[in-house]
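S.K.: Heads up: the sequence shown is residues 1 to 362, going by the UniProt record's numbering. Cβ coordinates follow ideal geometry from the N, Cα and C atoms, glycine included. The structure follows.
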Amino acid sequence: MKITRVESILLAIPFEDHGGIWRGSGDRKAFQTLMVRIDTDQGLSGWGEVFTKNGELALKALFDTHVAPVLLGRDATQISAIKRELERLHHNFGRVGVMAFCVSAVDLALWDILGQAAGLPLYRLLGGAGRNEIPLYASLTRYGEPRAAADTVERAVREGYGAVKLHEVLVETVPAARAAAGREIALMLDTNCPWSLAEARCNARRLEPYDLMWLEEPTWPPENMHALAALRRSTTIPIAAGENAGSLADYRVMLEAGAVDFVQPDIAKAHGLSEALKIAALAEAHDVQFMPHCFMIGPGYVHTLHLAAALEVPLLERYYVELAAEPMGAAVTPANGRVSVPQGPGLGCVPDPYAVRLYRVG
Ligand SMILES: [Mg+2]
């Protein structure tokens, strides 16, 4: 089955988050997704996603010039060989970062094609049983102000979420959020790498009374596993990290250092679904919970759903905003804090052509 065509499609979907801080370009809040479509000579098309933030035309250009041309004419079923070739070809661009994001998207699209060729939904191709629904945690944008964050926690709980993650650095936000959530709701705090080890120790002590399910990426820089491990030894709060690591070897360092209770690879950053399966096995061997990171709304979100279903991940991240359109269609729109796993072959769904037409920016 030969690859005949590769296209990358950049969408910017407007969203509303009721007062969250906006750091993107322009006045209008919009969430970008860089989708990748790989076509084959047997009429099957697979979809992947490159991890994005904002203003990603440069990332699209990188994919179009350095990755897409390598794929033409290749056998789409040879996932490992293609992934390895891309990784070796471009390793001097760095093993963590934008080139890894591009390789990840290819790996994801090829898994979609393989699932379709096998006539199996991806989670079953990966050996999973019939788990039809995944509980989600509401992953809030940053509000920077305890009252606004607590109001959003309250809204998420009202909508049926049983778990909520804050993206805040102000410690005072957590008592306000806990009061809004009540005692039964799982609450997590993601700080996105702000603190020195000394600051993190001090703040963790202040956070301990609020029963956090985890504290995510509390220390800078994200790759300093020794600092994270030292923090973990000094606090009762479980530690989560992993979205900024690159490949299996990085996760080995993280796990062997004893740095985390939850390991969080992102399949659109850390070399795709193929690498995630290896990382999950390594995490199991270290008795650490595999908890994939997912800040995507495109095909990568659906791939992560299938991975979570296959590996029985207890809870999956979902960006908590009101999107102007659900790029992967109504079938994977969350309701009551849960989402259905598509049952068709491969991903079981494709990008909504209406959303693509309306919100394409590159
Ligand atoms: Mg995070």
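Using a threshold of 9 Å, state whether the C-beta atoms of residue 305 and residue 163 are closer than that.
M.R.: Their beta carbons are not under 9 Å apart, which means residue 305 does not touch residue 163 by this criterion.
S.K.: Any Cβ of chain E within less than 9 Å of the Cβ of residue 155?
M.R.: Among the chains in the structure shown there is no chain E, since it carries only a single protein chain.
S.K.: Is residue 151 helix, strand or coil by DSSP?
M.R.: Here residue 151 sits in helix by DSSP.
S.K.: Within its chain, find whatever has a CB closer than 8 Å to the CB of residue 274; leave out the 5 residues flanking it on each side and keep chain order.
M.R.: Excluding sequence neighbours, residue 274 sits near 79, 80, 83, 107 and 111.
S.K.: Quickly, what does DSSP pair residue 67 with across the bridge? List them, please.
M.R.: None; residue 67 has no bridge partner.
S.K.: What does the alpha-carbon distance come out to for the pair residue 279 and residue 265?
M.R.: If you take the alpha carbons of residue 279 and residue 265, they lie about 8 Å apart.
S.K.: Given that a residue counts as buried once 16 or more other Cβ atoms are within 10 Å of its Cβ, and exposed if not, what is residue 18?
M.R.: By the 10 Å Cβ count, residue 18 comes out exposed.
S.K.: Please list the terminal residues of the continuous alpha helix (DSSP H) segment that includes residue 343.
M.R.: Where residue 343 is concerned, there is no enclosing alpha helix (DSSP H), given that its DSSP letter is neither H nor E.
S.K.: In the structure shown, what three-state DSSP assignment does residue 173 receive?
M.R.: Three-state result, residue 173: helix.
S.K.: Is it buried or exposed for residue 354, if we count other Cβ within 10 angstroms and need 16 for buried?
M.R.: Its Cβ having fewer than 16 others within 10 Å, residue 354 is exposed.
S.K.: Mapping DSSP to helix, strand and coil, what is residue 300?
M.R.: Residue 300 falls in the helix class under three-state DSSP.
S.K.: Buried or exposed for residue 236, please, with buried defined as at least 16 other CB atoms from any protein chain shown within 10 angstroms of its CB.
M.R.: Result: exposed.
S.K.: What number of angstroms, rounded off, separates the C-alpha of residue 6 from the C-alpha of residue 71?
M.R.: Cα-Cα distance, rounded: 8 Å.
S.K.: Using three-state DSSP, classify residue 47 as helix, strand or coil.
M.R.: Looking at residue 47 - three-state DSSP - the assignment turns out to be strand.
S.K.: Taking C-alpha atoms, which residue in 157, 272, 43 and 213 lies nearest to residue 138?
M.R.: Looking at the Cα atoms, 157 is the closest of the given residues.
S.K.: Taking the CB atoms as reference points, tell me whether residue 126 and residue 277 lie closer together than 9 Å.
M.R.: Against a cut-off of 9 Å, the Cβ pair of residue 277 and residue 126 comes out as a contact.
S.K.: When DSSP builds the beta bridges, which residues end up paired with residue 39?
M.R.: Paired residue(s): 5 and 45.
S.K.: Is the number of C-beta pairs between the region 223–241 and the region 196–205 that are closer than 8 Å three or more?
M.R.: Segments in contact, yes.
S.K.: Check for me: the alpha helix (DSSP H) holding residue 111 runs from which residue to which?
M.R.: That run of the alpha helix (DSSP H) goes 98–118.
S.K.: Report the start-end ranges of each beta strand (DSSP E) in the region 273–325 that is 3 residues or longer and not cut off at the edges.
M.R.: Counting only runs of 3 or more, we get 316–319.
S.K.: Can you check which of these residues, 61, 35 and 150, is closest to residue 172 by C-alpha distance?
M.R.: Considering only alpha carbons, the answer is 150.
S.K.: Less than 7 Å between C-beta atoms, sequence neighbours within five positions excluded: which residues of the same chain meet that for residue 75?
M.R.: These residues qualify, in order along the chain: 1 and 2.
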